[in-house]
Amino acid sequence: MQRREWIYGWLLLLPAFALLAMFTHIPAVATFWDSFFSTPRGRREARFIGWENYERLLDDPIFWKVLTNNLWFALGTIPLSMILALAMALWVNKQFFGQGFLRMAYFTPTVLPLIAVANIWLFFYTPGFGLIDQILGLFGFAQTNLLGSPDTALGAVMAVTIWKEAGFFMIFYLAALQSIPPSLLEAAKIEGAGSWTTFRRIVFPLLMPTTLFVSINAVINSFRLVDHLFILTGGGPDNASSLLLFYIYETAFRFWDTAYGATLTVVMLVLLSLLAIGQFFLFDRKVHYQ
Amino acid sequence: MLARTLKTACAGSLFALGSLTSASAVDLQFYFPVAVGGKAAQTIEELTEEYVAANEGVTIDAVYAGSYQDTVAKVLTAARGGDAPQLSVILSVDMFTLIDEDLIMPFDDLVKTDEDREWLNAFYPAFMENSQTGGKTYGIPFQRSTPVLYWNKEAFAEAGLDPDTPPATWEEMVEFGKKLVKKDTSGNVERWGVRIPTSGFPYWLFQGLTTQNDVILANSDGNKTNFDDPKVVEALEYLISLNKEHGVMAPGIIEWGATPKAFFEGQTAMMWTTTGNLTNVRTNAPFDFGVAMLPANKRRGAPTGGGNFYLFKGSSDEELAAAFDFIKWISAPEQAAKWTIATGYVAPRPDTWETETMKAYTADFPPALVARDQLEHAVAELSTYENQRITRILNDALSAAITGQKDAATALKEAQAQADAILADYR
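So the protein sequences, as listed, match chains C and F. Anchor point for the first sequence: position 19 equals 19 in our numbering, and the numbering is continuous, going up by one each time. Convert by adding 1000 to the 1-based position in the second sequence; the result is the number in our numbering.
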């Protein structure tokens, strides 16, 4: 009898496990394996080269550049989009006329594909006749070239990401806000707590599980969202706006250096795992689950 | 790697679908890219349908595969999954990469009759430079282009220049440019003199400048570059001076895609772009415009560009014969004329220009002849082994110099060192 249940359990797990193994675990292991070989070309087989790809990575200035860019990108987009998301959620959680419309407006960027978003922003950013320059022109400002200069390209790309992400995170915060028992808030009111104290002492702590969830997603997204780079800058000028995943794509599918692409992917996987684990351990103690 | 596994799986299932439906004699798969505005994709599909209708027993699945980059990526992925198309249009400069991947086969094996040999020899030599190596022909020129200078005649007249005389030299381009720059009352530029786009693949238009400065960027074996030649540095310094010194061009990186639009909007009085945009400009420019060869410095010069037909290994003899026949048909004068008129790409054979259709078209629209006439000054587009990576190195160096992060000589010297490190394996 007991044995039967054991089989039953595994059978239930099997579909999910097979899919996960096929599309996540096996490719991840294969990537790790590939990173110790040279890139096979039509005329030359792959051969075992040990740590050579990793040594090359340490000496690769573009790798360090995209990694630094990615850290700035994460630092710039994650806190801002989360704060914005929380502010928007608090705002549309109130009852007022047009509340439904405003919620939809905030959420719209999330529904649009990033490629489409990037094309819209490309028009905003275009020097001369783009929206930003047309508006600035009215006030007598000179032409800008935000995407075309190394100092501003990454910032311009980050703005698009924040615009896109904030609405998505807002939905989670909104759901969490609505699950806070009204009795707690009423109790706070009776005790004479002001709205800031209520937020700091009651609402925000109760939102911590959501904040943890959102922040992990935001970190992953900051390494995962590169679609707009293809449209906006192509990583340029001189890699000023290139990110790690974009560099991996270029290495693997433009230069066809698949072994080095695998090496870069391993670095990214390790980095993401460390960040996710770190967040769990760091935050978990401060998170209050109901 | 996940992506690779996924794509292999997709390619596999596509293959299964394909073999289910293959009832007729020969099924060909044909990938093509589209890199310009206008009716390119539609025209290729129409031509393919026309061929299939006239040739019983052959079906051709013409697959629009995105940009040039997307197309080569899709073809390589499909080939690695064991399901390469029989034929595809891919950048002529990817020839060495495709040879290195052992994917393409030379046309020489299929050229057996005198008639075929005559056909093969009738393409413009400038286009064949990028299509042959080691004495074999790997590519048949199809959507080939070359950059030309477009100028706004109304703007020229407004600036007191002769509207029918484009700049013929580098000095004239600067001199005209200075007159064409228009500023508003607060001193902001409303119209620039000239626009040489530098986003994405700046090396291509830059190669116009280097050729005019009488220097070649890479050898014909595709294993040695020449980036740090003083003449190359000089060409880059000229490009930078257009903004920094003379103020006739916008600062920073200039977007390739927005260039025709900027021209239509009057944001620039002259632009350098591909002749593949000719029909686009003709349709959309709200003013009288002219088309000229690129200005000369030490000599006239421009790179060629665009895509060739390639045949892929692993196809059966019947498939190859059918694919070869299709390529011969689509490059024949009547079809090539249709294609040229629809897009502006340069018809790759002299006999196309002799057809009645083309004669009528060029009589009505003489600018179409400029690109053809420029071919005698044209050189092969930069092409090497590991081409995407080598051009990327040059692109990065150009961007760094244009945005003022490095000076021209340092940037190019570093680029040459990086290219040498990669190409040493191929010598």
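Beta carbons are placed, not taken as given, at the ideal position from N, Cα and C, and that holds for glycine.
| Asked | Found |
| --- | --- |
| Identify the continuous beta strand (DSSP E) that holds G1135 (chain F) and give its terminal residues. | That residue, G1135 (chain F), is in no beta strand (DSSP E); it is neither H nor E in DSSP. |
| Give the residues from the segment 1251 to 1284 of chain F that approach chain C closer than 9 Å (Cβ to any Cβ), ordered along the chain. | P1251, G1252, I1253, I1254, E1255, G1257, A1258, K1261, A1262, E1265, Q1267 and T1268 |
| Could you check what DSSP says for L1017 (chain F) in three-state terms: helix, strand or coil? | Its pLDDT being 42, under 50, L1017 (chain F) is placed unreliably by the model, and the measurement read from it follows with that caveat. If DSSP states are grouped into helix, strand and coil, L1017 (chain F) belongs with the helices. |
| Can you find the residues in the same chain that come closer than 7 Å, C-beta to C-beta, to Y1203 (chain F), ignoring five residues on each side of it along the sequence? | L1382, T1391, L1394, N1395 and L1398 |
| Kindly confirm or deny that the segment 1146 to 1155 of chain F and the segment 1268 to 1282 of chain F touch, where touching means at least three C-beta pairs closer than 8 Å. | yes |
| Is it the case that the segment 22 to 32 of chain C contacts the segment 240 to 254 of chain C, given that we only count it when at least three CB pairs across the two stretches are under 8 Å? | no |
| Let me confirm a value: L86 (chain C) is counted as buried when at least 16 other C-beta atoms fall within 10 Å, else exposed. Which label applies? | buried |
| Would you verify that the beta carbon of G192 (chain C) is, or is not, closer than 9 Å to some beta carbon of chain F? | no |
| For S1022 (chain F), is the classification buried or exposed, using 16 other Cβ atoms within 10 angstroms of its Cβ as the cut-off for buried? | Unreliable placement is indicated for S1022 (chain F), whose pLDDT of 43 sits below 50; the coordinate value is still reported in the next sentence. Exposed, because fewer than 16 other Cβ atoms sit within 10 Å of the Cβ of S1022 (chain F). |
| Does the beta-carbon of F1373 (chain F) have 16 or more other beta-carbons within 10 angstroms, so that it is buried, or is it exposed? | Contrary to the premise, residue 1373 (chain F) reads as Asp rather than Phe in this sequence. It counts as exposed. |
| Within a Cβ cutoff of 7 Å, which residues of the same chain sit near I1240 (chain F), ignoring the five residues on either side of it in sequence? | A1401, I1402 and A1408 |
| Going along the chain, which unbroken runs of the alpha helix (DSSP H) with 4 or more residues stay wholly within the segment 1082 to 1165 of chain F? | 1095 to 1100, 1114 to 1121, 1125 to 1128 and 1153 to 1158 |
| Give, in chain order, every residue of the segment 119 to 148 of chain C whose Cβ lies closer than 7 Å to some Cβ of chain F. | T126, P127, G128, F129, G140, A142, Q143, N145 and G148 |
| For the segment 223 to 237 of chain C, which residues have a CB atom closer than 7 Å to at least one CB atom of chain F, in sequence order? | G234, G236 and P237 |
| Note down the Cα distance separating G236 (chain C) from L146 (chain C), rounded to an integer number of angstroms. | 12 Å |
| Using only the alpha-carbon positions, how far apart do S1024 (chain F) and F255 (chain C) sit? | Confidence at S1024 (chain F) is low in this model, with a pLDDT of 48, below 50, so the placement of that residue should be treated as unreliable; the coordinate-derived value is given next. Roughly 38 Å separates the two Cα atoms. |
| Measuring CB to CB, does E1142 (chain F) end up less than 9 Å from N1308 (chain F)? | Note on residue identity: the sequence assigns Phe, not Glu, to residue 1142 (chain F). It is a contact, given that the beta carbons lie within the stated cut-off. |
| Quick check: G1222 (chain F) and Y1068 (chain F), are their CB atoms within less than 9 Å of each other? | no |
| What is the DSSP secondary structure of V1026 (chain F), counted as helix, strand or coil? | strand |
| State yes or no: is the beta carbon of F17 (chain C) nearer than 9 Å to at least one beta carbon in chain F? | no |
| Does DSSP classify R44 (chain C) as helix, strand or coil? | strand |
| Using beta carbons (cut-off 9 Å, strictly below), is F281 (chain C) in contact with chain F? | no |
| Hey, how far is the Cα of E1175 (chain F) from the Cα of T1259 (chain F)? | 21 Å |
| Verify the CB distance criterion: does T1021 (chain F) have a CB-CB separation below 9 Å to chain C? | Because T1021 (chain F) sits at a pLDDT of 43, beneath the cut-off of 50, its placement in the model cannot be relied upon, and the following sentence gives the value as read from the coordinates. It does not; no Cβ of chain C falls within 9 Å. |
| Within 9 Å (strictly less), CB to CB, does A1073 (chain F) reach chain C? | yes |
| Determine the direct distance from the alpha carbon of E1237 (chain F) to that of D1102 (chain F), and round the result to whole angstroms. | 39 Å |
| Taking L112 (chain C) as the reference, give the member of C:T152, C:S81 and C:F168 with the closest Cα. | C:F168 |
| With distance defined between alpha-carbon atoms, name the residue in F:Y1064, F:L1076 and F:D1109 nearest to D257 (chain C). | F:L1076 |
| Going along the chain, which residues of its own chain have a beta-carbon closer than 6 Å to the beta-carbon of F1264 (chain F), five neighbours each way excluded? | N1284 and A1285 |
| Considering only their Cβ atoms, is the gap separating R224 (chain C) from L174 (chain C) smaller than 9 Å? | no |
| Expressed to the nearest angstrom, what Euclidean distance is found between the alpha-carbon atoms of L177 (chain C) and L212 (chain C)? | 15 Å |
| What number of angstroms, rounded off, separates the C-alpha of T1048 (chain F) from the C-alpha of A1062 (chain F)? | 7 Å |
| So, is K164 (chain C) buried or exposed, given that buried needs 16 or more other C-beta atoms within 10 angstroms? | buried |
| Is the distance from the Cβ of D1100 (chain F) to the Cβ of T1059 (chain F) below 9 Å? | no |
| Given a cut-off of 9 Å on the beta-carbon distance, is the pair G194 (chain C) and S1186 (chain F) in contact? | no |
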